[in-house]
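Undergrad: Can you read through this structure? Questions will come right after.
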Amino acid sequence: MSVDPWKFPCLVHVPSRKGRKPVSIPDITQFSVVTRILFGVGCQAPTEVYSCSSYNELFLLKLDVPERSLLPTKVLARVARDLKTRSDISLESEVATMVYVRQHCPMVPVPTVYGYCPTRDNLIGQPFSIVSFADGVDMDGSPWEDLPLHAKLTGVRDFANIVSQLSQLHFKAIGSIYFKFGDPQMRIPVGFILGPVSWCKQESAARTAAFHHDRGPWKTTAEWLRASVEDEIQLMEKLPALARETSTRKHGCERQWRLAQRVLPQFRDRIPDSRDDPFDQCAGGPFVLSHADLNPWYPNSGPLVVKF
Numbered sequence: 001m002s003v004d005p006w007k008f009p010c011l012v013h014v015p016s017r018k019g020r021k022p023v024s025i026p027d028i029t030q031f032s033v034v035t036r037i038l039f040g041v042g043c044q045a046p047t048e049v050y051s052c053s054s055y056n057e058l059f060l061l062k063l064d065v066p067e068r069s070l071l072p073t074k075v076l077a078r079v080a081r082d083l084k085t086r087s088d089i090s091l092e093s094e095v096a097t098m099v100y101v102r103q104h105c106p107m108v109p110v111p112t113v114y115g116y117c118p119t120r121d122n123l124i125g126q127p128f129s130i131v132s133f134a135d136g137v138d139m140d141g142s143p144w145e146d147l148p149l150h151a152k153l154t155g156v157r158d159f160a161n162i163v164s165q166l167s168q169l170h171f172k173a174i175g176s177i178y179f180k181f182g183d184p185q186m187r188i189p190v191g192f193i194l195g196p197v198s199w200c201k202q203e204s205a206a207r208t209a210a211f212h213h214d215r216g217p218w219k220t221t222a223e224w225l226r227a228s229v230e231d232e233i234q235l236m237e238k239l240p241a242l243a244r245e246t247s248t249r250k251h252g253c254e255r256q257w258r259l260a261q262r263v264l265p266q267f268r269d270r271i272p273d274s275r276d277d278p279f280d281q282c283a284g285g286p287f288v289l290s291h292a293d294l295n296p297w298y299p300n301s302g303p304l305v306v307k308f
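Read left to right, the sequence shown gives residues 1 to 308 (UniProt numbering).
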């Protein structure tokens, strides 16, 4: 059996140039340096964004590979946006989770991750990962509606199969997946560990500096829910200006801010311990792997999930 050279991705070390200030716009002219490290060849500098979401920008990189080469001709650069870098979302955890699923659920289609840098201290100026490219079509809206029935049924079965396989990956606590390193200095992964949760709470640095920022892992659902609510209460109490500005900017409603101040403490105080809740049969696990994109209430993919 051949050894997969990309079983674990490469941690790319490309320090930013001296004197260069951090910027919110990535320097896409430097991707060629990254591809030379990973593949030994350069790439054409992208001239436009291939795709964009709230948290990431994708750039299509065309590699300068010779004919009959086994190297990919195209890869995607997945670059974190400012909204993501200010949150508790961990690019390293995202990468580790993709690799974990690829190794434990080979039938689930997951991109190959060739390399990544989890910090902004690089030539690009933002955390990024380099992943395999696959042609596809965004199925939200009319593309899905225009599909024949048999194609829709195939999509539903494929979706159900993915959810089923992920639900068979069990964990003893609630958290996020990270790489386990045998030698911290070498930074070469040897496996996986469950670490602090990677979630979309904003202004992570300010929260961490102002108060105890509990991100798990948690052994029960009550611990997880209590920590999540307590974190928001602490933000409102310790950093009211930041919390108020973030809340009203996102929701555009002063009433919601005042309501949160009153309701969240009451909500926290009513969270029962798992041993006191006879109706919660799953409070102590085992817990399964899931993703926000698989939730019906998720704003981007939710409408399609509901159709499924």
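For every residue, glycine included, the Cβ atom is placed at its ideal position computed from N, Cα and C. All figures in this text were calculated on a predicted structure; none of them were measured in a lab.
Measuring alpha carbon to alpha carbon, tell me which of R207, L147, C43 and V101 ends up nearest I130.
TA: Ranking the options by Cα distance to I130, first place goes to C43.
Undergrad: Would you list the residues sitting across from H170 in a DSSP beta bridge?
TA: Looking at the DSSP assignment, H170 forms a beta bridge with V288.
Undergrad: For R157, count neighbouring Cβ atoms within 10 angstroms of its own Cβ and tell me buried if that reaches 16, exposed if not.
TA: Classification for R157: exposed.
Undergrad: Where Y116 and S164 are concerned, what is the direct C-alpha to C-alpha distance, given to the nearest angstrom?
TA: Between Y116 and S164, the C-alpha separation is close to 29 Å.
Undergrad: Quick check for students: name the residue ranges of the alpha helix (DSSP H) that lie wholly in the stretch 122-204, counting only runs of 4 or more.
TA: Complete alpha helix (DSSP H) runs here, min 4: 142-145 and 149-166.
Undergrad: Around the Cβ of K180, are there at least 16 other Cβ atoms within 10 angstroms (buried) or fewer (exposed)?
TA: Classification of K180: exposed, given that the 10 Å Cβ count is below 16.
Undergrad: Compute the Euclidean distance between the alpha carbons of C52 and L83, then round it to the nearest angstrom.
TA: C-alpha separation (whole angstroms): 13 Å.
Undergrad: Return the chain-ordered ranges of every beta strand (DSSP E) run that is complete within the stretch 16-75 and spans a minimum of 3 residues.
TA: Taking only runs of at least 3 residues, the beta strand (DSSP E) segments lying wholly in the stretch 16-75 are 56-62.
Undergrad: Residue 312 by DSSP, collapsed to three states: which one?
TA: Past the boundaries of the shown model lies residue 312; the chain is included only from 1 to 308, so the question cannot be answered.
Undergrad: What distance in whole Å lies between the Cβ atoms of W224 and I162, which are believed to be in contact at a cut-off of 8 Å?
TA: The Cβ separation is near 24 Å, so there is no contact.
Undergrad: Expressed to the nearest angstrom, what Euclidean distance is found between the alpha-carbon atoms of I177 and A96?
TA: Those two C-alpha atoms are separated by around 6 Å.
Undergrad: In angstroms, rounded to a whole number, what distance separates the CA positions of L294 and Y100?
TA: Looking at the two C-alpha atoms, the distance is approximately 18 Å.
Undergrad: Specify, as a first and last residue, the run of the alpha helix (DSSP H) that V229 falls within.
TA: Unbroken alpha helix (DSSP H) run through V229: T221 to K238.
Undergrad: S69: buried (16+ other C-beta within 10 angstroms of its C-beta) or exposed?
TA: Counting Cβ neighbours within 10 Å, S69 comes out exposed, since fewer than 16 surround it.
Undergrad: CB-CB under 8 Å to E230, same chain, minus the five flanking residues each way: which ones, in chain order?
TA: Only D214 and R268 meet the Cβ criterion.
Undergrad: May I ask you to report which of helix, strand or coil DSSP gives V79?
TA: Residue state, collapsed to three classes: strand.
Undergrad: Is the beta carbon of A151 within less than 6 Å of some heavy atom of the ligand SAM?
TA: The ligand SAM is absent from the structure shown, which contains no ligands of any kind.
Undergrad: Around the Cβ of E67, are there at least 16 other Cβ atoms within 10 angstroms (buried) or fewer (exposed)?
TA: Looking at its Cβ environment, which holds fewer than 16 other Cβ atoms inside 10 Å, E67 is exposed.
Undergrad: Just to confirm the assignment, what range does the beta strand (DSSP E) spanning V113 have?
TA: Its beta strand (DSSP E) spans residues V113 to C117.
Undergrad: Let me check understanding here. Comparing Cα to Cα, which of V41, G40 and D27 lies closest to G57?
TA: It is Glu, not Gly, that sits at residue 57 in the sequence shown. Answer by Cα proximity: D27.
Undergrad: How would you label A283, buried or exposed, when you count the other beta carbons within 10 angstroms and need 16 or more for buried?
TA: A283 is buried by the Cβ-count criterion.
Undergrad: Which residue's Cα is closest to the Cα of K238: A209, W218 and G216?
TA: Nearest option by C-alpha distance: A209.
Undergrad: Where do the N-terminal and C-terminal ends of the alpha helix (DSSP H) with A283 fall, by residue?
TA: Careful: A283 lies outside any alpha helix (DSSP H) and carries neither H nor E.
Undergrad: Is the separation between the beta-carbon of M98 and that of V110 shorter than 7 Å?
TA: Yes, the pair counts as a contact, with Cβ atoms nearer than the cut-off.
Undergrad: For I9 versus V113, is the C-beta spacing smaller than 7 Å?
TA: With the sequence shown as reference, residue 9 is identified as Pro, and Ile is not the correct amino acid for it. Yes, these two residues count as a Cβ contact at 7 Å.
Undergrad: Quick test of your reading: T119 and P127, contact by CB under 8 Å. State the CB separation rounded to the nearest angstrom.
TA: Right, the Cβ-Cβ distance comes to about 6 Å (below 8 Å), so this counts as a contact.
Undergrad: Express the C-alpha separation of G125 and G195 in angstroms, rounding to a whole number.
TA: Going from the Cα of G195 to the Cα of G125 covers about 26 Å.
Undergrad: How big is the Cα-Cα spacing for L123 and K201?
TA: Looking at the two C-alpha atoms, the distance is approximately 27 Å.
Undergrad: With the cut-off set at 7 Å, would you say F133 and V49 are in Cβ contact?
TA: No; because the gap between Cβ atoms is not below 7 Å, this pair is not in contact.
Undergrad: Can you tell which of V263, A243, D121 and L169 has its C-alpha closest to the C-alpha of H291?
TA: Considering only alpha carbons, the answer is L169.
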